[in-house]
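Visitor: Residues in the sequence shown are numbered from 26 upward in steps of one, following my numbering.
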Amino acid sequence: MMIAHALSRLGAWLAARPDRLTVVNALLLTAILILLGSADLFRFVGGAAVLLCAAAILVRSLRRMDGNPLTLHPYDLAVMLAPPAIAAALAALAIILVVGHAPGSFAHTMGLVLFTIEFALLALGASDGGDGTPEAARA
Numbered sequence: 026m027m028i029a030h031a032l033s034r035l036g037a038w039l040a041a042r043p044d045r046l047t048v049v050n051a052l053l054l055t056a057i058l059i060l061l062g063s064a065d066l067f068r069f070v071g072g073a074a075v076l077l078c079a080a081a082i083l084v085r086s087l088r089r090m091d092g093n094p095l096t097l098h099p100y101d102l103a104v105m106l107a108p109p110a111i112a113a114a115l116a117a118l119a120i121i122l123v124v125g126h127a128p129g130s131f132a133h134t135m136g137l138v139l140f141t142i143e144f145a146l147l148a149l150g151a152s153d154g155g156d157g158t159p160e161a162a163r164a
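As structure tokens, this is what we get:
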């Protein structure tokens with residue numbers, strides 16, 4: 026009975042803000058990669074996930090330019106493109122730290138923490154917004 030109540034409260038908490046589910050999914054993927062303990066698998070799956078999220082954010086940013094990037098001020102372009110680019114670069118650095126150092130070392134642990142944070146942020150930026158409405162329908 027207590028487990029059902031706890032799961033019910035968890036479901037209500039996740040449903041209150043649907044973007045929480047995106048972050049939970051990113052955390053679960055990272056946890057699975059950590060538990061498997063394979064550096065090659067972490068490099069391949071983690072790198073592919075980061076690239077997919079960064080590509081989705083880039084496509085969304087390009088769509089917001091209304092087809093003509095010359096109408097935007099360079100500051101607008103920097104504000105739109107710099108945060109996801111920095112997050113992707115930090116996630117790539119984290120993958121290098123995880124793969125290049127022995128498990129349990131400080132660099133390895135910091136790489137895992139950095140990857141978890143940056144991948145969750147990239148997944149959140151690449152999500153549709155959480156209400157299930159495709160972005161094209163909102164425009």
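Note that beta-carbon positions come from the ideal geometry of N, C-alpha and C, so glycine has one too.
Is it right to say Thr141 is buried, meaning 16 or more other beta carbons lie within 10 angstroms of its own, or is it exposed?
Guide: Residue mapping note: residue 141 aligns to position 116 of the sequence shown, counting from 1. Classification for Thr141: buried.
Visitor: Who are the Cβ neighbours of Thr47 in its own chain at under 6 Å, not counting the five residues just before and after it?
Guide: Your numbering for residue 47 matches position 22 in the sequence shown. For Thr47, where only same-chain residues beyond five positions count, the Cβ hits under 6 Å are Ala148, Leu149, Ser152.
Visitor: According to DSSP, simplified to helix, strand and coil, what is Pro43?
Guide: Against the sequence shown, residue 43 aligns to sequence position 18. The answer is coil: DSSP assigns Pro43 none of H, G, I, E or B.
Visitor: Out of Pro99, Pro109, Gly62, state which residue places its alpha-carbon closest to the alpha-carbon of Leu77.
Guide: Along the sequence shown, read from residue 1 onward, the residue named residue 77 stands at position 52. Closest option to Leu77, Cα to Cα, is Pro109.
Visitor: From which residue to which residue does the alpha helix (DSSP H) around Ser86 run?
Guide: One-based indexing of the sequence shown puts residue 86 at position 61. Note, Ser86: alpha helix (DSSP H), 72 to 89.
Visitor: Any idea what DSSP makes of Leu97, helix, strand or coil?
Guide: To locate residue 97, count along the sequence shown from 1; it is residue 72. Note: Leu97 maps to coil in three-state DSSP.
Visitor: Look at the Cβ atom of Leu122, then the Cβ atom of Ala112, and state whether they are nearer than 8 Å.
Guide: In the sequence shown, residue 122 corresponds to position 97, counting from 1. In the sequence shown, residue 112 corresponds to position 87, counting from 1. Contact: no.
Visitor: Give the secondary structure of His30 by DSSP, where H, G and I count as helix, E and B as strand, and everything else as coil.
Guide: Taking the sequence shown and counting its residues from 1, one reaches residue 30 at position 5. Helix, per DSSP.
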